[in-house]
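Residue numbers (this note's numbering): 16 to 216.
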């Protein structure tokens with residue numbers, strides 16, 4: 016059957032489902048995401064690199080005077096991991112800390128003598144860095160300002176479009192109401208004229 020709509024319900028439907036409102040909502044959401052991404056360029060980031068272990072096996076001919084040749088077998092296991100933390104600065108520069116850890120395991124076995132030598136070493140390095148572009152615009156700060164201005168513009172446009180939709184729906188709603196009332200008045204006038212004609216006749 017027909018759906019009875021109040022003015023408020025009609026406005027709510029138009030704001031939620033009209034093409035103009037949906038298009039502006041998507042634009043506003045996009046502007047909000049760009050602003051979040053621009054502000055995120057000031058956040059600390061961390062990168063971890065894990066290098067797969069490197070394994071190597073080698074043989075070497077060892078000559079001992081007065082004895083037959085023997086072979087020395089060496090097995091090497093090498094692995095590394097690296098962590099880098101970057102902190103962007105408001106000046107468009109960045110502060111970074113990079114730590115690297117390495118383990119080197121070496122096992123040497125000499126045939127005939129059954130001599131086995133193990134060597135296990137750890138290396139740790141730490142590096143502090145600062146980068147600062149000179150004589151160039153601060154792109155990071157300008158990016159945030161541009162994104163926030165775009166967000167503000169989108170919010171204003173969204174509010175204006177909402178007001179336009181409310182005005183158009185209200186105008187159409189009262190236009191329909193006026194047309195129905197004029198139709199009812201015309202029917203009443205017609206009925207009165209018909210009655211007056213019947214009485215006069």
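Glycine included, every Cβ here is placed at the ideal spot set by N, Cα and C.
Quick caveat: nothing in here was measured; it's all calculated off a predicted structure.
The bridge partners DSSP lists for residue 57 come to none. Burial is judged here by how many other beta carbons sit within 10 angstroms of a residue's own beta carbon; residue 169 has at least 16 and is buried. In this structure, the beta-carbon distance from residue 98 to residue 52 does not fall below 8 angstroms.
Of the residues assessed, residue 135 falls on the exposed side of the cut-off, its CB having fewer than 16 other CB atoms within 10 angstroms. At least 8 angstroms separates the beta-carbon of residue 101 from that of residue 153. For residue 138 and residue 116, the gap between their C-alpha atoms comes out near 6 angstroms.
For residue 125, the uninterrupted beta strand (DSSP E) run begins and ends at 109 to 125, by DSSP. With fewer than 16 other Cβ atoms inside 10 Å of its own Cβ, residue 202 counts as exposed.
Judged by DSSP in its simplified three-state form, residue 150 adopts coil rather than helix or strand. Within the model, the alpha-carbon separation for residue 155 versus residue 54 is close to 9 angstroms. About 18 angstroms separates the CB atoms of residue 56 and residue 144; that is not less than 8 angstroms, and the two are not in contact. The alpha-carbon of residue 26 is positioned some 36 angstroms away from that of residue 206.
For residue 104, there is no enclosing beta strand (DSSP E), as DSSP gives it neither H nor E. Residue range 22 to 32 is occupied by the alpha helix (DSSP H) that includes residue 22. Looking at the backbone, the Cα of residue 49 and that of residue 166 are separated by about 8 angstroms.
Using a Cβ distance threshold of 8 angstroms, residue 93 and residue 67 do not count as a contacting pair. Residue pairing by DSSP places residue 188 opposite no residue, since no beta bridge is assigned to it.
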